[in-house]
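S.K.: For reference, the structure I am asking about is given below.
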Amino acid sequence: MQLKKTLLTLPLVLVAMGCSAHEGHQHKSAGVSLQNCAIQETIPGAKATGAFLTIHKAGEQALSVVGAKTSDVSGRVELHEMVVKDGTMQMSQIKEYPLKQGDNVFKKGSYHVMLMALKKPLTVGETYPLTLIFSDGSEQSCDAVVKSVAELTPKGMKMHHGNMKHNEMKHNEMEHGNMKHGEMKHGDMKQGN
9 MQLKKTLLTL PLVLVAMGCS AHEGHQHKSA GVSLQNCAIQ ETIPGAKATG AFLTIHKAGE
69 QALSVVGAKT SDVSGRVELH EMVVKDGTMQ MSQIKEYPLK QGDNVFKKGS YHVMLMALKK
129 PLTVGETYPL TLIFSDGSEQ SCDAVVKSVA ELTPKGMKMH HGNMKHNEMK HNEMEHGNMK
189 HGEMKHGDMK QGN
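Sequential numbering of the sequence shown, starting at 9, is according to the numbering used here.
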């Protein structure tokens, strides 16, 4: 009788162990890898910064990035896009980024992850986990290294604050790049809708 009870209980115990062992693990999307993960250092007084990376997608399945998160770095994380429209650089939040096959590069002046309501200054050399959330419900993380503004700014790119529209952003939450505040007149700044 005891042996029969043990044999009936054993599969339930094994299933329960398997479920609890799986908790906390991320379901990863097949054929996706994250590379060159970086976060821009905090500029004094700024409450936001950008995160940049390359998302490599193998295969032809449709997949989009629909969100991102950090552990304890920021209060809010959004996907953003920067475009030049009518000669003015504009930054706006996007709901998703459809991945193409091959490399999808998130970089300054283009698509990026915006870390907002920063909880502390981020210093060059520190590393923080960054997790992307995909349309199939999967998540994938990378260790993002904090790098300097100069290191992350593409050659030939200049961030001039006067030509940027702030779509639904408070000025102190904006990614400032390597702009020179001494040359900027806040009264000349355009506020976008």
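Positions of the beta carbon are idealized from the N, C-alpha and C atoms, including for glycine.
With H, G and I counted as helix, E and B as strand and the rest as coil, what does DSSP make of L61?
M.R.: strand
S.K.: Does the separation of the CB atoms of F142 and F60 fall below 7 Å?
M.R.: no
S.K.: Using 7 Å as the threshold, is the C-beta distance between V154 and I51 below it?
M.R.: no
S.K.: Can you tell me which residues form a DSSP beta bridge with C150?
M.R.: In the DSSP output, where bridge partners are listed per residue, C150 has L138.
S.K.: Is T50 helix, strand or coil by DSSP?
M.R.: coil
S.K.: Measure from the alpha carbon of M124 to the alpha carbon of each residue in S146, K55, Q69, then state which is nearest.
M.R.: K55
S.K.: Quick one: what's E89 bridged to in DSSP?
M.R.: S100
S.K.: Excluding the 5 residues flanking G75 on each side, which residues of the same chain have their C-beta closer than 6 Å to its C-beta?
M.R.: I141
S.K.: Going by C-alpha distance, which of Y136, L160, K108, G58 is nearest V73?
M.R.: K108
S.K.: Assign I102 to one of two classes, buried (16 or more other C-beta atoms within 10 Å of its C-beta) or exposed (fewer than that).
M.R.: The residue in question, I102, is exposed, as its Cβ has fewer than 16 Cβ neighbours within 10 Å.
S.K.: In whole angstroms, give me the CA-to-CA distance for S82 and Y136.
M.R.: 11 Å
S.K.: Using a 10 Å radius around the Cβ and a threshold of 16 neighbouring Cβ atoms, would you call T203 buried or exposed?
M.R.: Beyond the ends of the chain as shown, which are 9 and 201, falls residue 203; an answer cannot be given.
S.K.: On the DSSP bridge list, what partners appear for Q109?
M.R.: None, per the DSSP bridge assignment.
S.K.: Just confirm the distance between the C-beta atoms of S118 and E49, as a whole number of angstroms; I'd bet it's less than 8 Å.
M.R.: Between E49 and S118 the Cβ distance is about 19 Å, and since that is not below 8 Å, they are no contact.
S.K.: In chain order, what residues of the same chain lie with their CB nearer than 6 Å to the CB of M99, ignoring the 5 residues before and after it?
M.R.: Here the set comprises H88, M90.
S.K.: Between the alpha carbons of C45 and K116, how many angstroms are there, rounded?
M.R.: 13 Å
S.K.: Identify whether A158 lies in helix, strand or coil by the three-state DSSP scheme.
M.R.: helix
S.K.: Which first and last residues belong to the beta strand (DSSP E) in which G75 is found?
M.R.: 72-78
S.K.: For E86, which residues from the same chain have a beta carbon less than 7 Å from its beta carbon, with the 5 sequence-adjacent residues on both sides left out?
M.R.: Q101, M122, M124.
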